[in-house]
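Chemist:
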Amino acid sequence: MSEKAIGVFDSGLGGLTAVKELIKVLPQENIIYFGDTARVPYGTRSNDTIRHYAMEDAGFLLSKGVKLIIAACGTVSSVATELYECLPVPFTGVVLPTATAAVKATRNGKIGIIGTSATVKSGSYKKEILRQNDRITVFQQDCPLFVPLVENGFISEDDEIVRLVVERYLRDMKAEGIDTLILGCTHFPIIAGAISNYLGKNVRLINSGSETALYAANILGSKGLLNTSNHIGSCSYYVSDTVESFCKTAGIFLGQDIDGSVEQYQISKRNKGITE
Ligand code: DGL
7 MSEKAIGVFD SGLGGLTAVK ELIKVLPQEN IIYFGDTARV PYGTRSNDTI RHYAMEDAGF
67 LLSKGVKLII AACGTVSSVA TELYECLPVP FTGVVLPTAT AAVKATRNGK IGIIGTSATV
127 KSGSYKKEIL RQNDRITVFQ QDCPLFVPLV ENGFISEDDE IVRLVVERYL RDMKAEGIDT
187 LILGCTHFPI IAGAISNYLG KNVRLINSGS ETALYAANIL GSKGLLNTSN HIGSCSYYVS
247 DTVESFCKTA GIFLGQDIDG SVEQYQISKR NKGITE
């Protein structure tokens, strides 16, 4: 069982920011990644559509025999919460681990949350933070333009357009004096430099990918599912759109070239999702 892979899925390429962290925390684990590149973005879609897609994505990973499923996507984690109940293997999204880290990190009790429109509308991070500590004040902002900026390579902290968009979205939170900011979307760690430059170094940025990787390690440890071999794990990638388009941009998110097999899996045509 422990040699089975960890399954990670996301609406597209962004979840590779979580894979990057998983490789650091659990280098011996095998990873199977599914990126729904043919149907990205999820963050602007209805809750019903996001849930439907998430079930299909998780169903695909189950068909690969994974031992744990991680929804690296902030949007899926916020909206498709039924995944916690309906999967036959352990599951985690990014909301609980990331909110927990933010609650621990804040000193002045003012936490900012940024994510896609669907994530912010769901209030998922806010609810979890307040469940843990109801004296914390939470400021939320959806940042839909960050996703296309990153996907089109506008990621430099010196880029004028990036700086302008960061300022436009974050100026109210900055004025409120937050000391902690949740990067509640897969794409946002890529422009963490620009965000941090604007907010100042006293504002702690919480990366959902790295917090979730640590949390996943705890789940596996507590269930006796850690891969204890001495070998470096392998990664296999599946995408619903073309392999070429994935390989072109994947490095930005993974922080290194793709090392592992990449295959196309046309999920909408072939996958029936989880059947009840
Ligand atoms: N992966 C999504 C998230 O973390 C961002 C891209 C999208 O909208 O699908 O919320």
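Take 7 as the starting number for the sequence shown in the numbering used here and just add one per residue.
All C-beta atoms in this analysis are idealised placements derived from N, C-alpha and C, irrespective of residue type, glycine included.
Answer yes if the segment 136-151 comes into contact with the segment 106-126, meaning at least three C-beta pairs across the two stretches below 8 Å, and no otherwise.
Modeler: Cβ pair count under 8 Å is three or more, so yes.
Chemist: Indicate the three-state DSSP secondary structure (helix, strand or coil) for L231 in the structure shown.
Modeler: Translated into positions along the sequence shown, residue 231 becomes position 225. In this structure, L231 counts as coil in the three-state DSSP scheme.
Chemist: Going along the chain, which residues of its own chain have a beta-carbon closer than 6 Å to the beta-carbon of D247, five neighbours each way excluded?
Modeler: As a working note, residue 247 is residue 241 in the sequence shown. So the qualifying residues of the chain are T43 and A44.
Chemist: Exposed or buried, what is I197 when buried is set at 16 or more other beta-carbons lying within 10 Å of its beta-carbon?
Modeler: Translated into the one-based positions of the sequence shown, residue 197 becomes position 191. Buried is the call here.
Chemist: Specify the secondary structure class of L155 as computed by DSSP and reduced to three states.
Modeler: Residue numbering aside, residue 155 sits at position 149 when the sequence shown is read from its first letter. Of the three classes helix, strand and coil, the one that applies to L155 here is helix, per DSSP.
Chemist: Can you tell me the Cα-Cα spacing of V245 and F259, whole angstroms?
Modeler: Counting from one through the sequence shown, the residue named residue 245 turns up at place 239. Counting from one through the sequence shown, the residue named residue 259 turns up at place 253. The alpha-carbon atoms of V245 and F259 are separated by roughly 15 Å.
Chemist: When the Cα atoms are used, what is the spatial distance from N203 to G71?
Modeler: For the purposes of this step, residue 203 is identified with residue 197 of the sequence shown, where counting begins at 1. For the purposes of this step, residue 71 is identified with residue 65 of the sequence shown, where counting begins at 1. Their Cα atoms are separated by approximately 43 Å.
Chemist: Would you mind working out which of F160, N224, E217 and I225 sits nearest A200, comparing C-alpha positions?
Modeler: Mapped onto the sequence shown, residue 200 falls at position 194. Closest by alpha carbon: F160.
Chemist: Going along the chain, which residues put their C-beta within less than 7 Å of some heavy atom in the ligand DGL?
Modeler: The filter returns D16, S17, G18, G20, G21, V46, P47, Y48, G49, T50, C79, G80, T81, G121, T122, T125, V153, C191, T192 and H193, in chain order.
Chemist: Could you check where the beta strand (DSSP E) with Y90 kicks off and where it finishes?
Modeler: Position 84 of the sequence shown, counting from 1, holds the residue named residue 90. First-last for Y90: L89 to C92, but that is the alpha helix (DSSP H), not the beta strand (DSSP E).
Chemist: Which stretch, first to last residue, makes up the alpha helix (DSSP H) that contains G80?
Modeler: Here residue 80 refers to the residue found at position 74 when the sequence shown is read from its first residue. Its alpha helix (DSSP H) spans residues G80 to V85.
Chemist: Using the C-alpha atoms, what's the distance from K207 back to T281?
Modeler: Position 275 of the sequence shown, counting from 1, holds the residue named residue 281. Position 201 of the sequence shown, counting from 1, holds the residue named residue 207. Confidence in T281 is poor, its pLDDT being 48 and thus under 50, which makes the residue's placement too unreliable to answer from.
Chemist: Who are D16's beta bridge partners in DSSP?
Modeler: Against the sequence shown, residue 16 aligns to sequence position 10. DSSP output for D16 lists G41 as bridge partner(s).
Chemist: Quick check for students: name the residue ranges of the beta strand (DSSP E) that lie wholly in the segment 185-238, counting only runs of 3 or more.
Modeler: For the segment 185-238, whole beta strand (DSSP E) runs of length 3 or above, ordered along the chain, are 186-189 and 210-213.
Chemist: Taking the alpha-carbon positions, what's the D140 to L226 distance?
Modeler: Mapped onto the sequence shown, residue 140 falls at position 134. Mapped onto the sequence shown, residue 226 falls at position 220. Taking the straight line joining both Cα atoms gives about 30 Å.
Chemist: Helix, strand or coil for Y271 per DSSP?
Modeler: Numbered from its first residue, the sequence shown carries residue 271 at position 265. Coil, per DSSP.
Chemist: Short of 7 Å in beta carbon distance, which residues of its chain neighbour D54, apart from the five on each side in sequence? Order them along the chain.
Modeler: As a first step, residue 54 is located in the sequence shown; it is residue number 48 there, counting from the start. Answer for D54: no residue qualifies.
Chemist: Could you tell me the distance, in whole angstroms, from the CA atom of T98 to the CA atom of K229?
Modeler: Taking the sequence shown and counting its residues from 1, the one referred to as residue 98 is at position 92. Taking the sequence shown and counting its residues from 1, the one referred to as residue 229 is at position 223. Straight-line Cα distance between these residues: approximately 14 Å.
Chemist: Rounding to the nearest angstrom, what Cα-Cα distance links Y39 and S69 in this structure?
Modeler: As a working mapping, residue 39 is identified with position 33 in the sequence shown. As a working mapping, residue 69 is identified with position 63 in the sequence shown. So the two alpha carbons sit approximately 13 Å from each other.
Chemist: With a Cβ-Cβ cutoff of 9 Å, do G13 and F252 count as a contact?
Modeler: Indexing the sequence shown from 1 puts residue 13 at position 7. Indexing the sequence shown from 1 puts residue 252 at position 246. Result no, Cβ atoms of G13 and F252 do not sit closer than 9 Å.
Chemist: Do A11 and G215 come within 9 Å of each other at the CB atom, strictly closer than that value?
Modeler: Residue numbering aside, residue 215 sits at position 209 when the sequence shown is read from its first letter. Residue numbering aside, residue 11 sits at position 5 when the sequence shown is read from its first letter. Their beta carbons are not under 9 Å apart, which means G215 does not touch A11 by this criterion.
Chemist: Report, in whole angstroms, the separation of the C-beta atoms of L220 and P33, which I expect to be a contact under 8 Å.
Modeler: Looking up residue 220 in the sequence shown gives position 214. Looking up residue 33 in the sequence shown gives position 27. In fact, because the Cβ distance is near 14 Å, the residues do not count as touching under 8 Å.
Chemist: Below 8 Å CB to CB, which residues in the same chain sit around Q270 once its five sequence neighbours on both sides are set aside?
Modeler: Numbered from its first residue, the sequence shown carries residue 270 at position 264. The residues are Y244, V245, S246, D247, T248 and V249.
Chemist: Name the two residues that bound the continuous beta strand (DSSP E) containing D148.
Modeler: By one-based count along the sequence shown, residue 148 stands at place 142. First-last of the beta strand (DSSP E) with D148: T143 to D148.
Chemist: Could you give the distance in angstroms between the alpha-carbon of L22 and the alpha-carbon of I264?
Modeler: For this step, residue 22 is matched to residue 16 along the sequence shown. For this step, residue 264 is matched to residue 258 along the sequence shown. Their Cα atoms are separated by approximately 10 Å.
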